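First comes the structure, then the notes that go with it.
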Amino acid sequence: MPARSAAALAIPGHGESLDQSLRRIGASRVLVFGDLCLDAYWEIDARGKERSIETGLPVQAVASQRYSLGGAANVAANAKALGAAWVGVVGAIGDDGFGWELRRLLAAHGIDSGNVVDGGADWNTQVYAKPLLESVELPRLDFGSRLTPEVTARLLAQLEAAVGGADAVVINQQVRSGLEDGAMVGRLDEVIAAHPRVVFVVDARDSGGSFRNAVLKLNAAEAARQVDGIAVGGTIPLEQTHRHATVLAGRTARPVFVTRGERGMVVAHGEVVIDVPGIQVSSAIDPVGAGDTVAAAIAAALGGGCLPEAAARIANVAASITVRKLRTTGTATPAEIRQVGETPDHVWFPDIADDARFATCIPGSSIEIVRALAPGRPIRHAIFDHDGTLSTLRQGWEAVMEPMMVRAILGERLATADARLIARAGDEVRTFIDRTTGIQTLVQMQGLVELVREFGCVPRERILDHIDYKALYNDALMAMVRDRARRLANGELGSEDFQIKNARRLLERLRAAGVVLHLASGTDQRDLSAEAEAMGYAHLFDGIHGAVGDVAIEAKRDVMDRILRLHGDAGFVVFGDGPVEIREGRRRGAVCVGVASDELRRFGVDAAKRRRLIRAGADVIVGDYSQLDILLRHIGIT
Numbered sequence: 007m008p009a010r011s012a013a014a015l016a017i018p019g020h021g022e023s024l025d026q027s028l029r030r031i032g033a034s035r036v037l038v039f040g041d042l043c044l045d046a047y048w049e050i051d052a053r054g055k056e057r058s059i060e061t062g063l064p065v066q067a068v069a070s071q072r073y074s075l076g077g078a079a080n081v082a083a084n085a086k087a088l089g090a091a092w093v094g095v096v097g098a099i100g101d102d103g104f105g106w107e108l109r110r111l112l113a114a115h116g117i118d119s120g121n122v123v124d125g126g127a128d129w130n131t132q133v134y135a136k137p138l139l140e141s142v143e144l145p146r147l148d149f150g151s152r153l154t155p156e157v158t159a160r161l162l163a164q165l166e167a168a169v170g171g172a173d174a175v176v177i178n179q180q181v182r183s184g185l186e187d188g189a190m191v192g193r194l195d196e197v198i199a200a201h202p203r204v205v206f207v208v209d210a211r212d213s214g215g216s217f218r219n220a221v222l223k224l225n226a227a228e229a230a231r232q233v234d235g236i237a238v239g240g241t242i243p244l245e246q247t248h249r250h251a252t253v254l255a256g257r258t259a260r261p262v263f264v265t266r267g268e269r270g271m272v273v274a275h276g277e278v279v280i281d282v283p284g285i286q287v288s289s290a291i292d293p294v295g296a297g298d299t300v301a302a303a304i305a306a307a308l309g310g311g312c313l314p315e316a317a318a319r320i321a322n323v324a325a326s327i328t329v330r331k332l333r334t335t336g337t338a339t340p341a342e343i344r345q346v347g348e349t350p351d352h353v354w355f356p357d358i359a360d361d362a363r364f365a366t367c368i369p370g371s372s373i374e375i376v377r378a379l380a381p382g383r384p385i386r387h388a389i390f391d392h393d394g395t396l397s398t399l400r401q402g403w404e405a406v407m408e409p410m411m412v413r414a415i416l417g418e419r420l421a422t423a424d425a426r427l428i429a430r431a432g433d434e435v436r437t438f439i440d441r442t443t444g445i446q447t448l449v450q451m452q453g454l455v456e457l458v459r460e461f462g463c464v465p466r467e468r469i470l471d472h473i474d475y476k477a478l479y480n481d482a483l484m485a486m487v488r489d490r491a492r493r494l495a496n497g498e499l500g501s502e503d504f505q506i507k508n509a510r511r512l513l514e515r516l517r518a519a520g521v522v523l524h525l526a527s528g529t530d531q532r533d534l535s536a537e538a539e540a541m542g543y544a545h546l547f548d549g550i551h552g553a554v555g556d557v558a559i560e561a562k563r564d565v566m567d568r569i570l571r572l573h574g575d576a577g578f579v580v581f582g583d584g585p586v587e588i589r590e591g592r593r594r595g596a597v598c599v600g601v602a603s604d605e606l607r608r609f610g611v612d613a614a615k616r617r618r619l620i621r622a623g624a625d626v627i628v629g630d631y632s633q634l635d636i637l638l639r640h641i642g643i644t
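Here the working numbering is used: the first residue of the sequence shown is 7, the next is one more, and so on.
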């Protein structure tokens with residue numbers, strides 16, 4: 007069963023602030039040795055119909071091209087962007103057009119390339135060429151040569167010459183050029199042994215586990231292969247990654263960092279194994295280059311004197327920034343890291359969230375306990391989300407938002423677009439809605455503006471702003487809501503027909519117990535108040551707080567902060583079916599009840615919601631309030 011240990015709940019590096027870690031990075035000197043690559047992005051003109059006169063084959067017309075540092079060169083770029091005092095590289099570059107561009111980019115980033123080896127006339131610069139058709143990456147074209155004995159000897163000599171001036175060295179192998187050979191690993195181990203003062207971080211796809219006395223950075227699949235000797239597909243359970251990291255740390259006598267993608271990272275050093283929770287990213291992501299970011303951050307942090315926990319924390323935050331930079335090998339700056347802040351939106355218990363077989367329920371109930379509640383303050387305040395938590399008046403809003411967003415993205419291309427483009431737009435929109443459920447509609451529409459720009463189907467001068475897009479969505483949604491409110495008002499249906507089972511009884515029981523109730527939602531204030539009145543429970547709330555047209559004011563966060571400001575450490579509970587209120591409550595020490603409601607049936611658990619809510623930090627999962635007595639006892643209401 008996936009681990010639920012206290013370590014999995016800790017925020018690593020908490021004893022050192024982000025600013026302290028960044029200052030340490032700013033004093034470190036980082037040398038990167040390995041496969042210096044160039045990433046080439048070629049935008050194919052989708053309108054091209056020309057055929058070659060000579061061959062008769064279709065011509066792929068490149069409308070634009072851009073280049074960025076890749077491989078070990080991107081590790082260096084990331085170390086430089088993070089603020090390292092000095093960054094240098096050792097690697098081979100060919101005397102060709104790609105090599106010239108690679109040298110130019112290194113200089114533009116302020117990276118010392120004085121120890122770069124010219125591979126000679128027969129050396130081809132290592133390049134990942136990525137054709138893009140309507141922003142979709144086509145099969146990649148790879149260029150590059152394998153190391154010759156002469157080039158290998160020159161590389162090792164340059165490494166020996168430069169290593170003494172570094173605090174940390176990254177050994178980075180990404181292509182099968184010769185760095186992965188056993189003989190090369192042995193010679194690099196000799197260099198590592200000769201410089202015990204320097205931190206060596208190895209990020210080698212094919213030979214990482216073969217190094218000794220070096221810090222290892224590898225992903226979960228690589229760790230499994232190095233320890234168990236077999237390739238593993240799919241998600242590797244957390245407890246297995248714990249074992250793999252521990253074994254590797256025992257072999258190297260150095261810290262081991264195992265990345266798990268959005269699930270975070272495992273760090274093993276000495277007798278300690280720490281889980282670093284992943285960071286939720288609500289926008290579209292591009293994972294290319296994220297590993298380079300992690301390797302650079304670990305090396306720069308350890309080289310500057312950070313503990314492994316703090317290095318992992320910085321690396322995790324930095325990677326969460328670079329994955330948001332689409333179709334490029336991005337970097338993260340100290341300013342961007344500070345913007346994420348000390349308490350980012352972590353992904354909690356992803357293994358449990360993704361597999362309902364691991365659910366642990368209160369005996370005799372279907373109430374799932376994700377995290378045991380610590381004995382604490384009695385509950386004095388309760389904050390409720392509305393839609394999906396109490397009310398189903400807006401049930402089906404996703405089915406309104408999705409086609410509206412697809413139409414906005416494709417514009418006039420909707421009528422002529424092929425099935426592939428329409429499907430891609432639909433997939434992007436569904437993923438975006440899933441990630442942003444619960445936030446203000448206005449903020450979601452800001453994300454829509456970015457999606458419209460990214461797809462490029464609508465001329466920039468015809469892209470609407472977030473306010474106009476919200477108006478389009480609201481018009482469609484409110485037509486549905488008004489029809490339901492009309493049926494309520496004329497008696498065709500009762501309020502219980504639009505409530506999660508026992509919702510009203512829950513409010514009344516809490517109110518009778520002396521708990522102050524607050525309603526908070528991303529729905530506009532006017533609409534929220536009207537819908538609570540229509541449902542017949544507005545009078546039970548001491549405050550009703552909706553969106554006020556200012557994206558800087560988040561009603562749920564504002565209410566929680568007001569409670570803490572006015573009542574100090576008074577206990578409070580948050581009920582919600584969206585990740586936003588659960589994350590904000592978790593961050594502020596609230597008891598968080600995730601309501602994974604099936605809004606069509608109004609009882610039972612929706613699996614997709616359950617997954618989102620656990621990852622957001624819910625302590626308890628319910629589908630409805632049918633087992634009210636058990637739930638209230640569990641959260642301390644008698």
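Beta carbons: idealized from backbone N, C-alpha and C, even for Gly.
Given the structure is predicted, the values throughout are model-derived calculations rather than measurements.
Problem - L499 vs R400 beta-carbon contact at 9 angstroms - result: Contact: no.
Practice task
Go through its chain and collect everything with a Cβ distance to V329's Cβ below 7 angstroms, but skip five positions before and after it.
Solution key: The answer, listed in chain order, is V287, I291, D292, P293 and A296.
Problem - Closest Cα partner of S119 within the set E245, V464, V95 and A423 - result: Considering only alpha carbons, the answer is V95.
Practice task
Would you give the residue range spanned by the alpha helix (DSSP H) that W106 belongs to?
Solution key: Segment G103 to A114, the alpha helix (DSSP H) holding W106.
Practice task
Pick helix, strand or coil for A324, following the three-state DSSP scheme.
Solution key: Residue state, collapsed to three classes: helix.
Practice task
Decide yes or no for the touch test of the stretch 136-153 against the stretch 269-278: beta carbon pairs closer than 8 angstroms, at least 3 of them.
Solution key: Contact between the stretch 136-153 and the stretch 269-278 is absent, because fewer than three Cβ pairs lie under 8 angstroms.
Exercise for the section: Pick out whichever of I559, D41, S289 and T398 has its Cα sitting closest to the Cα of G453. Expected result: Per the Cα distances, S289.
Problem - As assigned by DSSP and simplified to three states, the class of I242 - result: Reduced to three states, the DSSP call for I242 is coil.
Exercise for the section: Using beta-carbon positions only, say whether T335 and D45 come within less than 9 angstroms of one another. Expected result: Yes, they are a contact pair.
Problem - Whole-angstrom distance between T442 and V376, CA atom to CA atom - result: Cα to Cα, V376 sits roughly 22 angstroms from T442.
Handout entry: Sheet register partners of L420 (DSSP bridge)
Key = L420 is not bridged by DSSP to any residue.
Handout entry: Supposed contact pair V597 and I641 - C-beta distance, whole angstroms, cut 8 angstroms
Key = Their Cβ separation, rounded to whole angstroms, is 5 angstroms, which keeps I641 and V597 in contact under 8 angstroms.
Practice task
Taking all protein chains shown into account, decide if T349 is buried (16 or more other Cβ within 10 angstroms of its Cβ) or exposed.
Solution key: Residue environment for T349: exposed (fewer than 16 other C-beta atoms within 10 angstroms of its C-beta).
Handout entry: Among D212, V191, V565 and L224, the one whose alpha carbon lies nearest that of R218
Key = That would be V191, whose Cα lies nearest to the Cα of R218.
Handout entry: Beta-carbon spacing of V455, Y475 below 9 angstroms
Key = Yes, Cβ-Cβ distance for V455 and Y475 is below 9 angstroms.
Practice task
Express the C-alpha separation of N84 and C312 in angstroms, rounding to a whole number.
Solution key: Cα atoms of C312 and N84: separation of roughly 17 angstroms, rounded to the nearest angstrom.
Exercise for the section: Report yes if the C-beta distance between A91 and R35 is below 9 angstroms; otherwise report no. Expected result: With contacts defined as CB atoms closer than 9 angstroms, A91 and R35 qualify as a contacting pair.
Practice task
Round the Cβ separation of L494 and A540 to the nearest angstrom and send it over; I've been treating them as touching at under 8 angstroms.
Solution key: Confirmed, Cβ separation roughly 5 angstroms.
Problem - Cβ contact (3+ pairs, closer than 8 angstroms) linking the stretch 169-177 and the stretch 186-203 - result: Short answer: they touch.
Handout entry: Sequence-distant residues of its chain with Cβ nearer than 7 angstroms to F199 (five each side left out)
Key = The amino acid occupying residue 199 in the given sequence is Ala; Phe does not appear at that position. Counting only Cβ-Cβ distances below 7 angstroms, and skipping sequence neighbours, we find N219.
Exercise for the section: Figure out for me which residue from R426, E605 and I550 has the closest Cα to the Cα of T398. Expected result: Each of R426, E605 and I550 was checked against the Cα of T398, and the nearest Cα belongs to E605.
Practice task
Would you list the one or two residues that DSSP bridges to I389?
Solution key: Its beta-bridge partners are H524 and V580.
Exercise for the section: Give a yes or no on whether the C-beta atoms belonging to F581 and V565 are separated by under 9 angstroms. Expected result: Not a contact, by the Cβ cut-off of 9 angstroms.
Handout entry: Cβ-based neighbour list, A321, same chain, cut-off 6 angstroms, excluding 5 preceding and 5 following
Key = Excluding five sequence positions before and after A321, the CB atoms of its chain that fall closer than 6 angstroms to its own CB belong to V300, A303 and I304, given in chain order.
Exercise for the section: Compare the C-alpha of I50 against each of N130, R413 and P64 and name the closest. Expected result: For I50, the nearest C-alpha among the options comes from P64.
Practice task
Check each candidate in W403, L254, S23 and L244 and name the one with the smallest Cα separation from Q232.
Solution key: Per the Cα distances, L254.
Exercise for the section: Identify the continuous beta strand (DSSP E) that holds A274 and give its terminal residues. Expected result: Looking at the DSSP string, the run of the beta strand (DSSP E) that includes A274 is G270 to H275.
Problem - Whole-angstrom C-beta distance between A431 and V412, which should lie under 8 angstroms - result: Their Cβ separation, rounded to whole angstroms, is 5 angstroms, which keeps V412 and A431 in contact under 8 angstroms.
Exercise for the section: Measuring only between beta-carbons, confirm whether G500 sits less than 9 angstroms from chain D. Expected result: Note that chain D does not occur in the displayed structure, where there is just one protein chain.
Problem - Cβ-Cβ separation, F364 to I373 (assumed contact under 8 angstroms), whole Å - result: In this structure I373 is not in contact with F364, their Cβ atoms being roughly 15 angstroms apart against a cut-off of 8 angstroms.
Practice task
With DSSP as the reference, please indicate the residues paired to W129 in a beta bridge.
Solution key: Looking at the DSSP output, W129 sits in no beta bridge, so it has no partner there.
Handout entry: Residue from A163, N480 and G444 with nearest C-alpha to H392
Key = When only C-alpha atoms are compared, the closest one is G444.
Problem - Contact check, G170 vs S151, beta carbons under 9 angstroms - result: With respect to the 9 angstroms criterion, G170 and S151 are not classified as neighbours on the basis of their beta carbons.
Exercise for the section: Just tell me which of F390, A429, T422 and A491 has its CA closest to the CA of E408. Expected result: Relative to E408, the option among F390, A429, T422 and A491 whose CA is nearest is A429.
Exercise for the section: Report the partner residues of A210 according to the DSSP bridge assignment. Expected result: Listed as beta-bridge partners of A210 by DSSP are Q179.
Exercise for the section: Taking K615 as the reference, give the member of R607, F609 and V601 with the closest Cα. Expected result: Residue V601 is the option with its Cα nearest to K615.
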